[in-house]
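Visitor:
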Amino acid sequence: MKPLSKAASEVRASTTLAIDSLAKKLKSEGADIIGFGAGEPDFQTPDNIRAAGIKAIEKGLTKYTPAAGTESLRKAVCKRLKEDCGLEYDPSEIVVASGAKHNVFVSLVALTNPGDEIILPSPYWVTYYEAVKMAGGVPVIVDADEKAGFKITARQLEDAVSDKTKALILNNPSNPTGMLYSRKELEAIAEVCKKHDLYVISDEIYYKLVYDGKEFVSFASLSEDARERTIVINGVSKTYAMTGWRIGYTASNKQLAKIMGNYLSHSTSAPSTISQYAAEEALLGDQSSVEEMRKVFEKRRNHIVARVNAIDGVSCIVPDGAFYIMMNVEKLVGKTIAGTYIKDGDDFAMALLEKGGVAVVPCSGFGAPNYVRWTYAASMEDIDEGMNRLEKFIKGIEK
Ligand SMILES: Cc1ncc(COP(=O)(O)O)c(C=O)c1O
Numbered sequence: 004m005k006p007l008s009k010a011a012s013e014v015r016a017s018t019t020l021a022i023d024s025l026a027k028k029l030k031s032e033g034a035d036i037i038g039f040g041a042g043e044p045d046f047q048t049p050d051n052i053r054a055a056g057i058k059a060i061e062k063g064l065t066k067y068t069p070a071a072g073t074e075s076l077r078k079a080v081c082k083r084l085k086e087d088c089g090l091e092y093d094p095s096e097i098v099v100a101s102g103a104k105h106n107v108f109v110s111l112v113a114l115t116n117p118g119d120e121i122i123l124p125s126p127y128w129v130t131y132y133e134a135v136k137m138a139g140g141v142p143v144i145v146d147a148d149e150k151a152g153f154k155i156t157a158r159q160l161e162d163a164v165s166d167k168t169k170a171l172i173l174n175n176p177s178n179p180t181g182m183l184y185s186r187k188e189l190e191a192i193a194e195v196c197k198k199h200d201l202y203v204i205s206d207e208i209y210y211k212l213v214y215d216g217k218e219f220v221s222f223a224s225l226s227e228d229a230r231e232r233t234i235v236i237n238g239v240s241k242t243y244a245m246t247g248w249r250i251g252y253t254a255s256n257k258q259l260a261k262i263m264g265n266y267l268s269h270s271t272s273a274p275s276t277i278s279q280y281a282a283e284e285a286l287l288g289d290q291s292s293v294e295e296m297r298k299v300f301e302k303r304r305n306h307i308v309a310r311v312n313a314i315d316g317v318s319c320i321v322p323d324g325a326f327y328i329m330m331n332v333e334k335l336v337g338k339t340i341a342g343t344y345i346k347d348g349d350d351f352a353m354a355l356l357e358k359g360g361v362a363v364v365p366c367s368g369f370g371a372p373n374y375v376r377w378t379y380a381a382s383m384e385d386i387d388e389g390m391n392r393l394e395k396f397i398k399g400i401e402k
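Count along the sequence shown from 1, then add 3; that gives the number in our numbering.
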């Protein structure tokens with residue numbers, strides 16, 4: 004048979020989903036596993052939002068909508084962006100898709116010509132790397148190590164720019180690091196983007212999950228110039244515990260919005276109509292559950308960070324937002340634990356799953372081979388049990 008698409012064959016499976024499905028398989032075989040892999044809130048979607056979905060079905064709102072989403076949902080997005088981020092957009096500049104992940108992909112398709120370079124600060128969300136390649140672009144990695152708070156500087160960005168650079172993907176707050184850029188840092192980055200005429204895909208999906216009273220700044224709100232060159236990515240998945248409803252959106256200039264809407268109209272068409280009505284309620288209805296969930300996440304973050312840093316051999320810095328910690332396992336590299344020789348974070352994660360009964364995500368796919376990611380979208384009891392198991396597992400180091 005003739006060979007399949009080279010580009011499609013090169014796409015790697017998501018490491019996040021891979022470890023999650025292995026954990027589920029072991030669990031179904033009777034193993035006692037606690038999962039810290041999946042990137043989704045452990046809360047239920049708030050009642051008012053679920054009721055809006057049910058109401059949409061009862062009212063028979065079950066037909067196609069415009070490809071870029073209903074006018075009323077796009078208006079609701081504009082209202083939320085204005086109130087929360089100080090952004091002014093017209094509904095014609097909003098494109099709703101089947102999850103923010105799809106918005107990321109469609110944004111890249113809209114921007115990328117074959118061979119265009121897209122700059123990715125590392126550690127990066129694994130999907131960016133694959134999506135850049137799927138769109139015909141070339142990912143260019145800029146390392147942001149732990150000492151730099153996992154953040155790149157404007158200087159590093161400038162050094163990575165070539166005459167082929169088309170865009171920067173910024174994830175703020177970040178998955179997997181949880182770090183947040185300050186206004187000053189963003190302004191310096193925006194200057195470089197202006198100077199070299201770069202687009203910015205600013206993924207702000209964790210914007211409501213920020214701790215210690217820190218300020219979240221939307222990249223597009225920095226200046227008129229930043230607004231013109233930015234595609235803001237956001238959605239309801241993380242903020243409203245709606246991962247399964249599959250609603251994300253972009254805010255961008257009109258020309259980009261039109262291209263993305265056209266592309267969607269020939270690929271997925273609009274997302275589920277029922278989910279769109281539920282998302283509208285999420286954006287317009289009572290927002291108190293958002294703050295309640297944020298507070299719970301902040302408590303859990305404080306707890307998990309303290310527990311990790313009390314264990315010899317591993318450490319993590321304090322993340323500003325999202326619901327992940329990056330645990331550094333560098334000191335365990337070259338050791339043998341419970342019969343497994345650890346040569347990197349991947350080996351560590353696999354051994355911790357198989358011998359320690361804890362599922363975490365190895366960060367090689369995120370560009371950080373000596374780290375594993377824990378989500379603290381888990382109950383305090385599970386976090387404690389996970390930490391107890393980690394402690395016991397590490398005590399199994401063979402001398
Ligand atoms: C940084 C980032 N962007 C986007 C998404 C995707 O969100 P959605 O569920 O809306 O596709 C995720 C989900 O893990 C994420 O971590």
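Every residue gets a Cβ at the ideal spot worked out from N, C-alpha and C, and that includes glycine.
Once you ignore the five residues that flank aspartate 289 on each side, which residues in its own chain have a CB closer than 7 Å to its CB?
Guide: Correct list, in chain order: Asn51.
Visitor: Output needed for lysine 211: all residues of its chain with C-beta closer than 7 Å, excluding positions within five of it in sequence on either side, in chain order.
Guide: The residues are Thr242, Val293, Arg297.
Visitor: At what residue ranges does the stretch 93–155 contain a whole run of the alpha helix (DSSP H), taking only runs of 4 or more?
Guide: As far as the stretch 93–155 is concerned, its whole alpha helix (DSSP H) runs of at least 4 residues are 103–114, 129–137.
Visitor: With H, G and I counted as helix, E and B as strand and the rest as coil, what does DSSP make of serine 240?
Guide: Coil at serine 240, not helix or strand.
Visitor: Using 7 Å as the cut-off, classify the Cβ of lysine 104 as near or not near the heavy atoms of ligand 1, replying yes or no.
Guide: Yes, the beta carbon of lysine 104 sits closer than 7 Å to at least one heavy atom of ligand 1.
Visitor: Quick one, which of Asp387, Thr339, Val321 has its alpha-carbon nearest glutamate 149's?
Guide: Measuring from the Cα of glutamate 149, the nearest candidate turns out to be Val321.
Visitor: Taking buried to mean at least 16 other C-beta atoms within 10 Å of its own C-beta, is alanine 282 buried or exposed?
Guide: Buried, since its Cβ has 16 or more Cβ neighbours within 10 Å.
Visitor: Just to confirm, does tryptophan 128 get its C-beta within under 7 Å of one of the non-hydrogen atoms of ligand 1?
Guide: Yes; taking the cut-off as 7 Å, the Cβ of tryptophan 128 has a heavy atom of ligand 1 nearer than that.
Visitor: For arginine 83 and proline 94, which I take to be in contact (beta-carbon distance under 8 Å), what is that distance rounded to the nearest angstrom?
Guide: Actually they are not in contact, since the Cβ atoms of arginine 83 and proline 94 sit about 12 Å apart, beyond 8 Å.
Visitor: Taking Cβ positions, are leucine 114 and isoleucine 172 nearer each other than 8 Å?
Guide: No.
Visitor: With a Cβ-Cβ cutoff of 8 Å, do lysine 154 and glutamate 194 count as a contact?
Guide: Going by C-beta atoms, lysine 154 is not nearer than 8 Å to glutamate 194.
Visitor: Measure how close the beta-carbons of tyrosine 127 and glycine 348 come, nearest whole angstrom, since I'm counting them as under 8 Å.
Guide: With a Cβ gap of about 15 Å, tyrosine 127 and glycine 348 do not count as contacting.
Visitor: Confirm the yes/no value for this check: CB of aspartate 323, any heavy atom of ligand 1, distance under 7 Å.
Guide: Answer for aspartate 323: no, Cβ out of range of ligand 1.
Visitor: So, for alanine 103: in the same chain, excluding its five sequence neighbours on each side, which residues have a beta-carbon less than 6 Å away from its beta-carbon?
Guide: The answer, listed in chain order, is Ile208, Ile236, Gly238, Gly251.
Visitor: Give me the Cα-Cα distance between isoleucine 262 and alanine 170, rounded to the nearest whole angstrom.
Guide: Roughly 17 Å separates the two Cα atoms.
Visitor: Where valine 109 and asparagine 391 are concerned, what is the direct C-alpha to C-alpha distance, given to the nearest angstrom?
Guide: Their backbone Cα atoms lie some 42 Å apart in a straight line.
Visitor: Less than 6 Å between C-beta atoms, sequence neighbours within five positions excluded: which residues of the same chain meet that for aspartate 215?
Guide: Here the set comprises nothing.
Visitor: For the stretch 374–381 against the stretch 339–353, do three or more pairs of beta-carbon atoms, one drawn from each stretch, fall closer than 8 Å, so that the two count as touching?
Guide: Yes: the two stretches touch, three or more of their Cβ pairs being nearer than 8 Å.
Visitor: Could you tell me the alpha carbon to alpha carbon distance between alanine 59 and methionine 245, rounded to whole angstroms?
Guide: About 16 Å.
Visitor: Tell me whether asparagine 391 sits in a helix, a strand or coil according to DSSP, three-state version.
Guide: Three-state DSSP puts asparagine 391 in a helix.
Visitor: Cα separation between alanine 362 and glycine 181?
Guide: Rounded to the nearest angstrom, the two C-alpha atoms are 19 Å apart.
Visitor: With respect to 7 Å, is the separation between the Cβ of valine 112 and the closest non-hydrogen atom of ligand 1 below this value?
Guide: It does not: the Cβ of valine 112 is nowhere closer than 7 Å to a heavy atom of ligand 1.
Visitor: Under 8 Å by Cβ, that's how I've got serine 221 and cysteine 88 pegged, so tell me the actual separation to the nearest angstrom.
Guide: Indeed, because the Cβ distance is near 4 Å, the residues count as touching under 8 Å.
Visitor: Closer than 7 Å to a non-hydrogen atom of ligand 1 - does that hold for the CB of isoleucine 208?
Guide: It does: the Cβ of isoleucine 208 is within 7 Å (strictly closer) of some heavy atom of ligand 1.
Visitor: In the DSSP output, what is arginine 376 paired with across the bridge?
Guide: According to DSSP, which records beta bridges pairwise, arginine 376 is partnered with Met329, Val364.
Visitor: Taking 8 Å as the threshold (C-beta atoms), are arginine 310 and valine 133 in contact?
Guide: What sits at residue 133 in the sequence shown is glutamate, not valine. Contact: no.
Visitor: So the beta strand (DSSP E) alanine 254 belongs to, where does it begin and stop?
Guide: 251–254 is the extent of the beta strand (DSSP E) around alanine 254.
Visitor: Which one of Ala273, Asp228, Ser272, Asn175 has the shortest CA to CA distance from alanine 218?
Guide: It should be pointed out that residue 218 corresponds to glutamate in this sequence rather than to alanine. When only C-alpha atoms are compared, the closest one is Asn175.
Visitor: Is the CB-CB distance between phenylalanine 300 and alanine 341 below 8 Å?
Guide: Not closer than 8 Å, so no.
Visitor: Compute the distance between the beta-carbons of alanine 100 and leucine 267, then report whether it is under 8 Å.
Guide: Yes, these two residues count as a Cβ contact at 8 Å.
Visitor: Excluding the five sequence neighbours on either side, which residues of its own chain have a C-beta within less than 7 Å of the C-beta of lysine 167, listed in chain order?
Guide: For lysine 167, where only same-chain residues beyond five positions count, the Cβ hits under 7 Å are Gly118, Asp119, Glu120.
Visitor: Mind reading off the beta-carbon distance from threonine 339 to lysine 358? Whole number of angstroms is fine, and I expect it under 8 Å.
Guide: With a Cβ gap of about 11 Å, threonine 339 and lysine 358 do not count as contacting.
Visitor: For the alpha helix (DSSP H) containing lysine 82, name the first residue and the last one.
Guide: Start and end: 74–88.
Visitor: Report the three-state DSSP secondary structure of tyrosine 266 (helix, strand or coil).
Guide: The answer is helix: DSSP assigns tyrosine 266 an H, G or I state.
Visitor: Would threonine 253 pass as a contact of isoleucine 277 if the rule is Cβ separation under 8 Å?
Guide: For threonine 253 and isoleucine 277, no; Cβs fall outside 8 Å.
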